[in-house]
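*Asks:*
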Amino acid sequence: MPAIFDVALLASTIRLFTPILLAALGGMFTSRAGIFNVALEGMMLFGSFFGVVGVFWTGSAYIGLALAVLSATIVALIFGFFVIQFKGDATIIGLAINILALGLTTYTMRLIFGVTGGYYDPNLQGLPNITIPIISDIPLLGQVVSGHSIIVYAAFVIVGLAYIFLFRHPVGLHLRAVGENPQAAGSLGIHVKRVQYLSVILCGMLCGLAGAQLSISIVTQFVEGMTAGRGFIALVAIMFGQAHPVKILGASLLFGLAYAASLRLQGGAIPTQFVAMLPYVATILVLIGTRLRPRQSSTT
Amino acid sequence: MSSVTGQESSNAPPVVEMRGIVKRFNQTVALNGVDLTVKRGEVHAIVGENGAGKSTLMHILAGLIHPDRGQIALNGQPVTISSVESAYAHGIAMVHQHFMLLSSLSVAENLTLGKEPTRRGLFDRIAAAQAVINLGQRYNLVVNHAAKVADLSVGDLQRLEILRALYRGAEILILDEPTGVLTPQEAQGLFRVIRELKRDGKTTIFISHKLEEVLEISDSITVLRDGHVTGTLVTSQTTAPEIARMMVGREVFLKFDKPQITPGKPVLECVELCGPGVQQATFQVRANEIVGIAGVAGNGQSELADLIAGLLPSTAGTVKICGQDVTQASVSARRITGFANVPEDRYKHGLAAQGSVSDNLLMGVHDKPPLSRHGLLDLKAIANRAVELIKSFSIKTEKPASRASTLSGGNAQRIVIARELADNKPFILVAQPTRGIDIAASEFVREEILKRRNDGAGVLLISADLSEVISLSDRILVMYDGRIIGELPAAEADETRLGLLMAGIREETTNASKTA
Amino acid sequence: MLQKPLNPGLRTFITQTLVLLILAAFALLIGAIAVAIAGKSPVTAFQELLQGALGTRTNIAASITRSIPIIINGVAATIAFKAGLFNLGLEGQMVIGALTGAVFANAFKDLPPFLLLPLTILAAATAGGAWALPPAWWQVRFKVPLLVTTLLLNYIANYFASYLVNFPLRDLSGGAAVPQTVMIPEAIRFGIILEGTRLHAGVFAIILLPILVTWFFSRTSLGYRIRMSGLNPDFAQYGGIHTSRMVLIAMFGSGAVAGIAGVIQVLGVDFRYIDGTLVTPAFAWSGFIAAILASSNPLLIIGTGLFLAALKVGAAGMQRNTQIPLQIADVVQAGIIFMVAIRLRIGEFVKRLLFPN
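Going down the list, the protein sequences come from chains A, B and C. Numbering that gives the first Met the number 0 puts the first sequence at residues 0 to 299. Numbering that gives the first Met the number 0 puts the second sequence at residues 0 to 515. Numbering that gives the first Met the number 0 puts the third sequence at residues 0 to 356.
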């Protein structure tokens, strides 16, 4: 058995956990505002696709990043429009967003790139890896912490900002109030819909970032349905992290580790299919694990 | 019919004047041309039975909903109250029947929510806490600013709501059924606060359907019925029967023809029954007897009902229904033993609102011949039974296949009553049977319960409506903090004695605390 | 309630018809926009789509053949819907059922066909149902949302099945590049019922299963108990129904029917389990959508399933002739779900427009 835990694994954990973390933070806002959001998956997929499209059109990775965020936010607004304005069933609308994302990205991929399955062009330059001065020279730590895309560093900053926003900012207070009791919040003059739209927009932006990290950061390519359930794993991270930014960070790290381990074990003695299952199995186990404790309080 | 007040008007224009207010919700007209005049500094009661339009009218004044027609003037100036904020800006704040508080937030956060003090863009916790303390001292309404709302008592919650209205600079306070959740003694405390506010020059609008308290606290009264004003009265010049007549449109009977019957064998025996929220409940219900349970909401009544029904697991003690020990039995086993259950929350436990009337009438007997044999339903027998029950319990529905959600609250309750009383079960558990339904349906429901008692059933009646408990019961038990702390024969019960027990004060100490 | 100018039944009918027309128009509009973005003529595209779906006897047969797994999956989704559950794991349950069926048929190929066929279907149903049970159990026991676990289990089922047909169960005889099992005995393969097409005898299931499930939910006590658990679990419990048990039963039933959908593809189309053939065409998702469109009425699923199948087959035809990518069908599908999710609001809007007051 080769050593699984080493510096490279941790570095790849950091890369791979970022999409989960960002999508989960996005979902945290909608969840705190009282909207059950299963559309994280679709919003991310839009981000991934239009990130690549942006790079392809302009040659600029940052414009790709901007387009990723913009497209995911537009989709999030569509989701919000149907859920908040028309009071449609959030689960069904969310699933529809996911189906739309899969269909529309594949459809548009054929139109723009003329290919099916996936698009990869080695000439496309994705987001550069940022070398942090001084820290990058520290052995081990430098390898883990330095040399990631800007999205990775942004994600950590966003955790802090999200915490301050939710628990220290008046609008964050409103958001939590709306999620807990929309009627009460409304009776105090808080604009419930406005706050919910805000949560949806934040969610879209973060999912756009998450999607971009998948498609224009690690490698610059788009693969049909490349989010592969990450939106749902992010949903689990929210549950596991009790919709708290710092706890979500921890939960996402756990799932990132599962992804990294899965990647590492590829080509080893264990058949690839079992290795590929790892993140999903880990997610389900974690999900059950989190609920083991509350069970005891409700005796049967 | 209506006697308009003959009092001379002072030169100052009324603080609130609403004219010709009309509000429709889809097909139903909630308010049909309502006028309301409230004078500065008075306590004005709005009375009427459930569904008369009291809350709707006040929601319009508080900016929660918009009238279809009509004008509002404050201090003689015509205004449009477009939102809650604009109501606040005009000095109007409402304390709702269901407290509009957020249980995961602190008292200080709740007080300031929607108008938070900030420092450098962030929420200023210190200033918020100071606001709680300052306002509390000024109006003698002390609540711990750091506590989580989830940990507060009902009285504290109400004080916090009133503080919040004052924090928002309210000159006009609307209190929606404020005493519904209080013991009579706590209600007295609230009245002291209202008098304090009056001394401070504030105007209070007080929504209620309890006539005694309206007579006690208000200066003038507006009576609503079916979205119309049926009377505008000066409190000192009216009487309870007059108000009641205006509310209902006819004489109200709260006396029931209750023949004396000697109770028979016990149909429910609880011995030292313990469970979540309930401690060592020991009592019996016998055939031909209605046992009432009085208590302030949240003192274990709901849990006791769930323990008896088998919806909550008991931790100690025994329950017997018709002599059979059912402590460990499932809900369906209990039902087969001879137990019917009218639950307190009819839309949570009593009905499937999206199911048909017929589906709803089938619950509990879906495995019982002749309606169901070998797992197959006999649709014809089920339809016949549904039609019969709809007729005999006067359920107003288009057809048995209509969705239960299309029925009014009173008719929805008739479905529950019909289903549970249909099979002559020897023991009937009835919780809050008339909550939120109109007077006609309430009378019907009470008479049906009494009928079953006269026919030999034993009834356990849990109700927050004290007069209902007193008028229907043969014996009354009082619950406080999960325990049964007293028992009175109905003939000896009155609101004062029950009220003290409901506040947790046992008989021995009654005399000492009466003066307080 | 009394002074209505038009009788309420007629009003409802007019409203609902209009809502349906609005839905259809919206779906067309989405499709037209997507086509226009591609720089093609929406009219030509629509003609090609119709032609591809229903233009010839062969095309009609292809649409019907395609509808078989969609409708059966739709019925499976409905069984869970009735219990108030979103079973997003139909795909995995279908895959597990299909693979089990293929393996079972080959393992017992010496049994007489009249025994082997029903047993193969039974094995597939049992396997599909069994695959759906853990998430049901987790929801009941640990309050873990079934919606999430069923979805995640799809990936696990697909990888697991893929492993099996790549290694232990792989047919090495033909040297085929595709991972697949050995072919099932000829005697139990479904026959073609329309000469010159691929429409097979499995088509009877799309009539039979919806009728059976409709009967089950309206005429049996168990069906009633599942329905009530779905409509209001608190009410069901209060009435003495074991709601946890209903969740398990409904999920088993849902998974079993999904398993049948899978094995019917094996028996009627592929004659073996081939890696990925059930996943790529998104039968399970189309079935799920068919169930949503039909408001979980099993009989209506026949119609919505046929419609979605025709849409997909037509889109494939359109792609051949116009180069418009066939995924346009998915886009239109998603658009329809949006509208269906808010159809009550549209209904209110239409009603207010037509019958003010």
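The beta-carbon is built from N, C-alpha and C at its ideal position, and this holds for glycine as well. Computed from a predicted structure; not experimentally measured.
Determine contact between the segment 95-111 of chain B and the segment 140-150 of chain A, defined as no fewer than three beta-carbon pairs at a distance below 8 Å.
*Replies:* As far as the Cβ criterion goes, the segment 95-111 of chain B does not touch the segment 140-150 of chain A, which means the pair count is below three.
*Asks:* Residues of chain A with CB closer than 7 Å to the CB of Lys311/C, please, in chain order.
*Replies:* None at all; the shortest Cβ gap to chain A is about 11 Å.
*Asks:* By Cβ distance below 6 Å, which residues in the same chain neighbour Thr105/A in space, the five residues on each side in sequence not counted?
*Replies:* Excluding sequence neighbours, Thr105/A sits near Glu223.
*Asks:* Give the C-beta separation of Gly25/A and Cys206/A to the nearest angstrom, bearing in mind that I take them to be a contact with Cβ-Cβ under 8 Å.
*Replies:* At roughly 5 Å, the Cβ-Cβ gap stays under 8 Å, so Gly25/A and Cys206/A are in contact.
*Asks:* Taking only three categories from DSSP, how would you classify Val284/B?
*Replies:* In this structure, Val284/B counts as strand in the three-state DSSP scheme.
*Asks:* Could you check whether the Cβ of Phe251/C sits closer than 8 Å to any Cβ belonging to chain B?
*Replies:* No, Phe251/C does not count as interfacial toward chain B.
*Asks:* Pick out whichever of Val270/B, Gln278/B, Ile389/B and Ala421/B has its Cα sitting closest to the Cα of Gly337/B.
*Replies:* Of the candidates Val270/B, Gln278/B, Ile389/B and Ala421/B, the one whose C-alpha sits nearest the C-alpha of Gly337/B is Ala421/B.
*Asks:* Starting from Asp34/B, follow its DSSP beta bridges and name the residues at the other end.
*Replies:* According to DSSP, which records beta bridges pairwise, Asp34/B is partnered with nothing at all.
*Asks:* Identify, in the order they occur along the chain, each residue of the same chain with its Cβ nearer than 6 Å to the Cβ of Ser102/B, setting aside the five sequence neighbours on each side.
*Replies:* Excluding positions up to five away in sequence, the list reads Val148 and Ala149.
*Asks:* I want to see whether chain A comes within less than 8 Å of Ala33/C, judged by CB atoms only; does it?
*Replies:* Yes, Ala33/C lies at the interface with chain A (some Cβ there is under 8 Å from its Cβ).
*Asks:* Could you list the residues in the segment 247-268 of chain A with a C-beta less than 8 Å from some C-beta on chain C, going in chain order?
*Replies:* Under the 8 Å Cβ criterion, the segment 247-268 of chain A contributes no residue.
*Asks:* In whole angstroms, what separates the C-alpha of Leu66/A from that of Val54/A?
*Replies:* Their Cα atoms are separated by approximately 9 Å.
*Asks:* Looking at C-alpha atoms only, which residue of Gly409/B, Arg451/B, Ser407/B and Asp437/B is the closest neighbour of Leu428/B?
*Replies:* Selected option, being the one with the closest Cα: Arg451/B.
*Asks:* By DSSP, does Gly54/C sit in helix, in strand, or in coil?
*Replies:* In this structure, Gly54/C counts as coil in the three-state DSSP scheme.
*Asks:* Check the Cβ-Cβ distances between Tyr101/A and every residue of chain C, and say whether any is below 8 Å.
*Replies:* Correcting the residue identity first, residue 101/A is Leu in this sequence and not Tyr. For Leu101/A, the answer is yes, since a Cβ of chain C falls inside 8 Å of its Cβ.
*Asks:* Is there a Cβ of chain B sitting closer than 8 Å to that of Gly238/C, yes or no?
*Replies:* It does: the Cβ of Gly238/C has a partner Cβ on chain B nearer than 8 Å.
*Asks:* Chain C partners of Ala351/B, CB-CB under 7 Å?
*Replies:* Those within 7 Å of Ala351/B in chain C are Met227, Leu230, Asn231 and Phe234.
*Asks:* Going by DSSP in three states, Asn133/B sits in which element: helix, strand or coil?
*Replies:* Residue state, collapsed to three classes: helix.
*Asks:* Anything in chain A within Cβ reach of Ala37/C, meaning under 7 Å, just list it in chain order.
*Replies:* Residues of chain A passing the Cβ test: Leu110.
*Asks:* With DSSP as the reference, label Asp175/B as helix, strand or coil.
*Replies:* Reduced to three states, the DSSP call for Asp175/B is strand.
*Asks:* Could you pull the DSSP bridge partners for Thr14/C from this structure?
*Replies:* Paired residue(s): none; Thr14/C is not in a bridge.
*Asks:* Please list, in chain order, the residues of the segment 55-82 of chain B that have any C-beta partner in chain A closer than 7 Å.
*Replies:* Going along the segment 55-82 of chain B in chain order, one finds Leu63 and Ser82 with a Cβ nearer than 7 Å to chain A.
*Asks:* Taking a contact to mean a Cβ-Cβ separation below 8 Å, would you say Leu145/C touches Leu230/C in this structure?
*Replies:* Their beta carbons are not under 8 Å apart, which means Leu145/C does not touch Leu230/C by this criterion.
*Asks:* Looking at the structure shown, is Pro77/B part of a helix, part of a strand, or coil, going by DSSP?
*Replies:* Residue state, collapsed to three classes: strand.
*Asks:* By Cβ distance, which residues of its chain are closer than 7 Å to Leu292/C, with the 5 residues on each side in sequence left out?
*Replies:* Hits under 7 Å: Thr303, Ile335 and Val339.
*Asks:* What are the uninterrupted segments assigned as beta strand (DSSP E) that are 3 or more residues long and contained completely in the segment 144-225 of chain A, given in chain order?
*Replies:* Listed in chain order, the complete beta strand (DSSP E) runs (minimum 3 residues) inside the segment 144-225 of chain A are 220-222.
*Asks:* Looking at the unbroken alpha helix (DSSP H) that takes in His58/B, where does it start and where does it end?
*Replies:* Lys53 to Leu60 is the span of the alpha helix (DSSP H), which, as asked, contains His58/B.
*Asks:* Taking Ile120/C as part of the beta strand (DSSP E), name the residues at either end of that continuous run.
*Replies:* Looking at the DSSP string, Ile120/C is not in any beta strand (DSSP E); the run it does join, the alpha helix (DSSP H), is Pro112 to Phe141.
*Asks:* Just the C-alpha distance for Phe203/C and Val139/C, rounded to the nearest angstrom, thanks.
*Replies:* Their backbone Cα atoms lie some 35 Å apart in a straight line.
*Asks:* Taking only beta-carbon atoms, is Val177/C less than 8 Å away from chain A?
*Replies:* It does not: the Cβ of Val177/C has no partner Cβ on chain A nearer than 8 Å.
*Asks:* For the beta strand (DSSP E) that Glu268/B lies in, which residues bound it at each end?
*Replies:* Residues Pro265 to Gly274.
*Asks:* Can you tell me the Cα-Cα spacing of Lys398/B and Thr405/B, whole angstroms?
*Replies:* Distance between the alpha carbons of Lys398/B and Thr405/B: 11 Å.
*Asks:* Does the pairing of the segment 28-47 of chain A with the segment 62-77 of chain A give three or more beta-carbon distances under 8 Å?
*Replies:* In short, these stretches touch, since the Cβ pair count reaches three.
*Asks:* Under 8 Å between beta-carbons, which chain B residues line up against Arg167/A? List them in chain order, please.
*Replies:* Near Arg167/A (Cβ distances below 8 Å), the residues of chain B are Leu121 and Phe122.
*Asks:* Considering only the beta carbon of each residue, do Arg285/B and Gly263/B sit closer than 8 Å?
*Replies:* Yes. Within cutoff.
*Asks:* Assign His373/B to one of three DSSP states: helix, strand, or coil.
*Replies:* Coil, per DSSP.
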